[in-house]
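Engineer: One structure is given below, represented as structure tokens, and several questions about it will come after.
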Amino acid sequence: MKASAKTLHEQVTRPPQGTPAEVFGAFLKLGLTSFGGPIAHLGYFRDELVVRRKWIDEAGYADLVALCQFLPGPASSQVGFALGLLRGGPLGALAAWAAFTLPSALLLVIFALAATSFDGPIGTGLLHGLKIVAVAVVAQAVWGMTKSLTPDRERASIAVACVLIVVFAAGAIGQIAAITFGAIAGTVLCRNGPAAGSTHLTFHVGRPVGIICLVTFFVLLGALPIAAGISKSWGLFDAFYRSGSLVFGGGHVVLPLLQAEVVAPGWVSNDAFLAGYGAAQAVPGPLFTFAAYLGAVMGPEPNGILGAGICLVAVFLPGFLLLVGALPFWDNFRKRPIAQAAMRGANAAVVGILGAALYSPVFTSAVLNAHDFALALTAFILLVVWKAPPWVVVALTAVGGTLLRSF
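Heads up: the sequence shown begins at 110 in this note's numbering, then just goes up one per residue.
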């Protein structure tokens, strides 16, 4: 084990061995073909970058995945960003993010710009079908996260308590309160769990750079709400930055956070929000590119291409700042039992938040009658039991919604 740890240490601390162009090419392939959500993305990364290209070994990759799952933000995109940093330096990290993110972001922006022309029975039926598939997708996420993140009475109780918190304190304040409560309760109730692994993960990132990134994260978190009063652009950046800062447990958790930020103030209609979320299941790459759709479809300016760019950068930025900030300190921090317990509680809180969102706005807005319920249940069975690819389920449910509205 000592020899293996030494080899890993030498591997991950050496200067970058590739180029940003090489990183971009590798991640563009992944960005065009990685369907199925963050867990599937991590499998694609392993096959392409660990097994085939050998950018990092299995132990280092497992440790990197553990770090990104611990931090707020889009875990698969953070792993990709870190692998780009490892292979091609800072430019390699940006190349990895751009190549993995832009294909799905562009597809969703095109859908947003075309959505305004969807009228008549066929168009409204298509959009309604996309809202129904969102019910199935969120239900699948809640089902899977419940089994993995609330496997005992303590964490299940935290999740239920957090449902009550977000029901009685709606909006972003309730979600922040739920995550805070979950973390505090976790430190008391969730201390029994597997210890951190013994592998050693150290990137070529110095502690001063890490500190600068962490300070920048918190400064933006505090300053952006003040800057939001200056212009709508800053308000948009603030809303999506805060949402990206609070996402624990997977990309689907961004749904209730963004819904509170853009639907409640009237920037995006609830119907357009859920239709876009359904469409996001049919494209490859990270679910966070849903932010690009919202920025493009937004009613008040900035919207269109500019709005999509602002929202896309803002929702990814906090996760990347936290990742680079944590890299120099991860080995020491992850061994602290209280930190692990807090994260177990926070992850349980995430299940409660997403469970509340499954009912409202997702289910109540999409399932209007027994026919809609039957279609949503069919989509859920296809995803969970038949393991059908999400894009296939999206296509079938969109057709089903069109037929229901037409006849």
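The beta carbon of each residue, even a glycine, is placed where N, CA and C say it ideally should be.
Keep in mind the model is a prediction, meaning the values are calculated, not measured.
What is the DSSP secondary structure of residue 140, counted as helix, strand or coil?
Structural biologist: Looking at residue 140 - three-state DSSP - the assignment turns out to be helix.
Engineer: Excluding five sequence neighbours on each side, which residues of the same chain lie with their C-beta closer than 7 Å to the C-beta of residue 326?
Structural biologist: So the qualifying residues of the chain are 427, 430, 431 and 434.
Engineer: Between the alpha carbons of residue 349 and residue 370, how many angstroms are there, rounded?
Structural biologist: Straight-line Cα distance between these residues: approximately 8 Å.
Engineer: For residue 267, count the other beta carbons within 10 Å of its own beta carbon; 16 or more makes it buried, fewer makes it exposed. Which is it?
Structural biologist: Buried, since its Cβ has 16 or more Cβ neighbours within 10 Å.
Engineer: Just verifying my parser: in three-state terms, what is the DSSP assignment at residue 494?
Structural biologist: Residue state, collapsed to three classes: coil.
Engineer: Could you check how far apart the C-beta atoms of residue 295 and residue 182 are, in whole angstroms? I think they sit under 8 Å.
Structural biologist: Not quite, the Cβ-Cβ distance comes to about 19 Å (not below 8 Å), so this is no contact.
Engineer: Count the other CB atoms within 10 Å of the CB of residue 495; is the residue buried (16 or more) or exposed (fewer)?
Structural biologist: Counting Cβ neighbours within 10 Å, residue 495 comes out exposed, since fewer than 16 surround it.
Engineer: Got a sec? Which residues, its chain only, sit under 7 Å from residue 386 by beta carbon, not counting five neighbours each side?
Structural biologist: Excluding positions up to five away in sequence, the list reads 243, 364 and 399.
Engineer: Report the residue ranges of all alpha helix (DSSP H) runs contained in full by the stretch 375-400; include only those spanning at least 4 residues, in chain order.
Structural biologist: Listed in chain order, they are 379-389.
Engineer: Going by DSSP in three states, residue 112 sits in which element: helix, strand or coil?
Structural biologist: Low per-residue confidence applies at residue 112: pLDDT is 42, beneath 50, and the placement is therefore not dependable, though the value from the model is reported in the following sentence. Three-state result, residue 112: helix.
Engineer: Between the stretch 189-205 and the stretch 450-470, do at least 3 Cβ pairs fall closer than 8 Å?
Structural biologist: They do not touch, by the three-pair rule.
Engineer: CB-CB under 8 Å to residue 475, same chain, minus the five flanking residues each way: which ones, in chain order?
Structural biologist: The residues are 237, 240, 241, 243, 244, 383, 481 and 485.
Engineer: From residue 196 to residue 165, what does the alpha carbon distance come to, in whole angstroms?
Structural biologist: For residue 196 and residue 165, the distance between alpha carbons rounds to 9 Å.
Engineer: Comparing alpha-carbon positions, which option in 214, 315 and 301 lies nearest residue 420?
Structural biologist: When only C-alpha atoms are compared, the closest one is 214.
Engineer: Taking the straight line between their C-alpha atoms, what separation do you get for residue 265 and residue 344?
Structural biologist: About 36 Å.
Engineer: If you run the structure through DSSP and keep just helix, strand and coil, what is residue 126?
Structural biologist: Residue state, collapsed to three classes: coil.
Engineer: Along the alpha helix (DSSP H) that carries residue 156, what are the first and last residues, could you check?
Structural biologist: From DSSP, residue 156 is part of no alpha helix (DSSP H); its letter is neither H nor E.
Engineer: Going by C-alpha to C-alpha distance, which of 324, 393, 132 and 256 sits closest to residue 191?
Structural biologist: Residue 132 is the option with its Cα nearest to residue 191.
Engineer: Does DSSP put residue 441 in a helix, in a strand, or in coil?
Structural biologist: It is helical.
Engineer: Could you tell me the distance, in whole angstroms, from the CA atom of residue 409 to the CA atom of residue 422?
Structural biologist: Spanning the two alpha carbons is a distance of roughly 19 Å.
Engineer: Counting Cβ pairs, one atom from each stretch, are 3 or more of them under 8 Å apart for the stretch 457-471 and the stretch 276-294?
Structural biologist: Cβ pair count under 8 Å is three or more, so yes.
Engineer: Can you list, in chain order, the residues of its chain with a C-beta nearer than 7 Å to that of residue 471? Leave out the 5 residues immediately preceding and following it.
Structural biologist: So the qualifying residues of the chain are 243, 244, 247 and 383.
Engineer: Quick check on the burial criterion: 16 or more other C-beta atoms within 10 angstroms. Buried or exposed for residue 187?
Structural biologist: Looking at its Cβ environment, which holds 16 or more other Cβ atoms inside 10 Å, residue 187 is buried.
Engineer: Find the nearest neighbour of residue 134 within the set 148, 144, 158 and 152, judged by alpha-carbon distance.
Structural biologist: For residue 134, the nearest C-alpha among the options comes from 158.
Engineer: In chain order, what residues of the same chain have a beta carbon less than 7 Å from the beta carbon of residue 274, not counting five sequence neighbours either side?
Structural biologist: If we look at residue 274 and ignore the five residues flanking it on each side, its Cβ neighbours are 283, 286, 287 and 290.
Engineer: Please tell me whether residue 211 and residue 140 are closer than 9 Å, where the distance is taken between their beta carbons.
Structural biologist: In this structure, residue 140 lies closer than 9 Å to residue 211 by Cβ.
Engineer: I need the straight-line Cα distance from residue 110 to residue 189, nearest angstrom please.
Structural biologist: Per-residue confidence for residue 110 stands at a pLDDT of 40, beneath the threshold of 50, marking its modelled position as unreliable; no derived number is given.
Engineer: Under 6 Å Cβ to Cβ from residue 335, same chain only, skipping five residues before and after it: list those, please.
Structural biologist: Closer than 6 Å at the Cβ level, and outside the excluded window around residue 335, lies no residue.
Engineer: Residue 490 CB to nearest chain B CB: under 9 Å?
Structural biologist: As a matter of chain content, chain B is missing from the structure shown, which is built from one protein chain.
Engineer: Taking the alpha carbon of residue 73 as the point to measure from, which residue in 299, 499 and 169 has its own alpha carbon closest?
Structural biologist: Since the displayed the chain opens at 110 and closes at 516, residue 73 lies outside it and no answer follows.
Engineer: Indicate whether residue 373 and residue 280 have their beta-carbon atoms separated by less than 9 Å.
Structural biologist: Taking 9 Å as the Cβ cut-off, residue 373 and residue 280 qualify as a contacting pair.
Engineer: Residue 54 to residue 355, Cα distance in whole Å?
Structural biologist: This structure leaves residue 54 out entirely; the chain is present only between 110 and 516.
Engineer: Verify whether the separation of the beta carbon atoms of residue 513 and residue 491 is less than 9 Å.
Structural biologist: No; because the gap between Cβ atoms is not below 9 Å, this pair is not in contact.
Engineer: Select from 424, 177 and 233 the residue whose C-alpha is nearest the C-alpha of residue 404.
Structural biologist: Taking only the C-alpha atoms, the option nearest residue 404 is 424.
Engineer: Can you have a look at residue 209 and say buried or exposed, based on whether 16 or more other CB atoms are within 10 angstroms of its CB?
Structural biologist: Residue 209 comes out buried.
Engineer: Count the other CB atoms within 10 Å of the CB of residue 178; is the residue buried (16 or more) or exposed (fewer)?
Structural biologist: Buried, because 16 or more other Cβ atoms sit within 10 Å of the Cβ of residue 178.
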